[in-house]
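Asker: For the sequence shown, the numbering used here begins at 1212 and goes up steadily by one.
My questions all concern the structure below.
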Amino acid sequence: MIVTIDGPAGAGKSSIARSAATRLGFAFLDTGAMYRCVTYAALSGDCSFDDAEALLRVARSCQIRLDGARVLLNGEDVSEAIRTPEVTRHIRYAADHPGVRAHLNVQQREAARGKNIVTEGRDQGSEVFPDAQCKIFLTASPEVRAQRRQQQLAAAGKVLSVEEILADQNRRDLEDRLREVGRLRPAADAVVLNTDGMQPEEVLEAVLQIVRRVQDAEPA
Ligand code: C5P
1212 MIVTIDGPAG AGKSSIARSA ATRLGFAFLD TGAMYRCVTY AALSGDCSFD
1262 DAEALLRVAR SCQIRLDGAR VLLNGEDVSE AIRTPEVTRH IRYAADHPGV
1312 RAHLNVQQRE AARGKNIVTE GRDQGSEVFP DAQCKIFLTA SPEVRAQRRQ
1362 QQLAAAGKVL SVEEILADQN RRDLEDRLRE VGRLRPAADA VVLNTDGMQP
1412 EEVLEAVLQI VRRVQDAEPA
């Protein structure tokens, strides 16, 4: 069974999708980490982001392994290195690149082959797994997402204003929504879950309920 969880930045997808996978006993795929790996590799190798062919070569040279919470790129643990603001700022070059997207889509389908999996990103239900049995689009208002992000960062010792976070988030939302290939949108058959006013445990329970409803309806 494939469960896709898509949605905008800061909707809490990663932690909810990961917890849902654990509770269901499913594998978990963080596709954002793959775009981050390509971007990190391009930055490390001095690849010009304007050179589309070079960027595709970099993507093809990336051996990405997602091992629990760890992200390994060509054997190196880059779990933290791929989450810097510098990587986030440059990610649109890989995410806007149709060739890079096609390459990563193949890897994502490969990772899901023969497994029960929860896969999380922007285009999982709409593009990568159009036949997934259960599609969820997790969202929340921009202000709520920015406030949640601020609390997360504060817990990690980083103090940023909600305004700063909101400005950056609005930019990423726009990039994700306007992208020509693989843009952020709910699949026509996705369940849209707006999490404004919900606690993380409530969101997790709501997600699990959606999955179980589908499991109960599937022939054994
Ligand atoms: O989920 P995360 O914030 O780590 O993703 C990083 C970036 O990768 C997103 O802002 C988005 O632009 C891009 N992405 C994408 N398609 C996916 C997953 C992520 O374009 N399936």
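The beta-carbon is built from N, C-alpha and C at its ideal position, and this holds for glycine as well.
Tell me, please, which residues DSSP counts as bridged to ILE1275.
Answerer: ILE1275 is bridged to LEU1284.
Asker: Between THR1299, THR1295 and CYS1273, which has its C-alpha nearest GLU1287's C-alpha?
Answerer: Comparing Cα-Cα distances from GLU1287 to each of THR1299, THR1295 and CYS1273, the minimum goes to CYS1273.
Asker: In the structure shown, what three-state DSSP assignment does ASN1381 receive?
Answerer: Helix.
Asker: So with Cβ pairs under 8 Å, would you call VAL1414 a contact of chain D?
Answerer: Absent from the structure: chain D. Only one protein chain is present.
Asker: Answer yes or no: the CB of ASP1334 versus the heavy atoms of the ligand C5P, is any distance below 7 Å?
Answerer: Checking the Cβ of ASP1334 against the ligand C5P gives yes.
Asker: Suppose you measure from the CA of VAL1298 to the CA of GLN1420; what does that come to, to the nearest Å?
Answerer: The alpha-carbon atoms of VAL1298 and GLN1420 are separated by roughly 35 Å.
Asker: Return the CA-CA distance between PRO1439 and ILE1293, expressed in angstroms with no decimal places.
Answerer: In the structure displayed, the chain extends from 1212 to 1431; residue 1439 sits before or after that span and is not available.
Asker: Locate the alpha helix (DSSP H) running through GLU1429, then write down its first and last residues.
Answerer: Segment: none, GLU1429 is in no alpha helix (DSSP H) and carries neither H nor E.
Asker: So, at 7 Å on beta carbons, what are the nonlocal neighbours of ILE1213 in its own chain, with the 5 sequence-adjacent residues on each side left out?
Answerer: Answer for ILE1213: ALA1323, ILE1328, THR1330, PHE1340, ALA1343 and GLN1344, listed in chain order.
Asker: Is the distance from the Cβ of LEU1266 to the Cβ of TYR1304 below 8 Å?
Answerer: Yes, they are a contact pair.
Asker: Assign ALA1238 to one of three DSSP states: helix, strand, or coil.
Answerer: The answer is strand: DSSP assigns ALA1238 an E or B state.
Asker: Among the residues of its own chain, which have a CB less than 7 Å from the CB of ALA1357, if the five just before and after it don't count?
Answerer: Answer for ALA1357: GLY1221, VAL1373, ILE1376, LEU1377 and GLN1380, listed in chain order.
Asker: Say the cut is 7 Å; is the CB of THR1295 nearer than that to a heavy atom of the ligand C5P?
Answerer: Every heavy atom of the ligand C5P is 7 Å or more from the Cβ of THR1295, so no.
Asker: Relative to the ligand C5P, is the shortest distance from any of its heavy atoms to the C-beta of TYR1246 smaller than 7 Å?
Answerer: Checking every heavy atom of the ligand C5P against the Cβ of TYR1246, one is found closer than 7 Å.
Asker: Relative to the C-alpha of ALA1252, which candidate in LEU1235, ILE1302, ILE1227 and GLY1236 has its C-alpha closest?
Answerer: Nearest C-alpha to ALA1252: ILE1302.
Asker: Can the beta-carbon of ASP1307 be found less than 8 Å from the beta-carbon of ASP1217?
Answerer: It is not a contact, given that the beta carbons lie outside the stated cut-off.
Asker: If you follow the beta strand (DSSP E) that GLY1332 is in, where does it begin and where does it stop?
Answerer: 1328-1332 is the extent of the beta strand (DSSP E) around GLY1332.
Asker: Given the structure, does ALA1220 come close to the ligand C5P, in the sense that its CB is under 7 Å from one of the ligand's heavy atoms?
Answerer: At least one heavy atom of the ligand C5P is nearer than 7 Å to the Cβ of ALA1220, so yes.
Asker: Beta strand (DSSP E) containing ILE1213: first to last residue?
Answerer: Start and end: 1213-1217.
Asker: If you draw a straight line from the alpha carbon of LEU1371 to that of GLU1354, how long is it in whole angstroms?
Answerer: C-alpha separation (whole angstroms): 14 Å.
Asker: Under the criterion of a Cβ to heavy atom distance below 7 Å, does GLU1386 qualify as lining the ligand C5P?
Answerer: Checking the Cβ of GLU1386 against the ligand C5P gives yes.
Asker: Between ILE1302 and the ligand C5P, is there a pair consisting of the residue's CB and a ligand heavy atom that are separated by less than 7 Å?
Answerer: Answer for ILE1302: yes, Cβ within range of the ligand C5P.
Asker: By how many angstroms is the C-alpha of PHE1260 removed from the C-alpha of LYS1326?
Answerer: Rounded to whole angstroms, LYS1326 to PHE1260 spans 35 Å at the Cα level.
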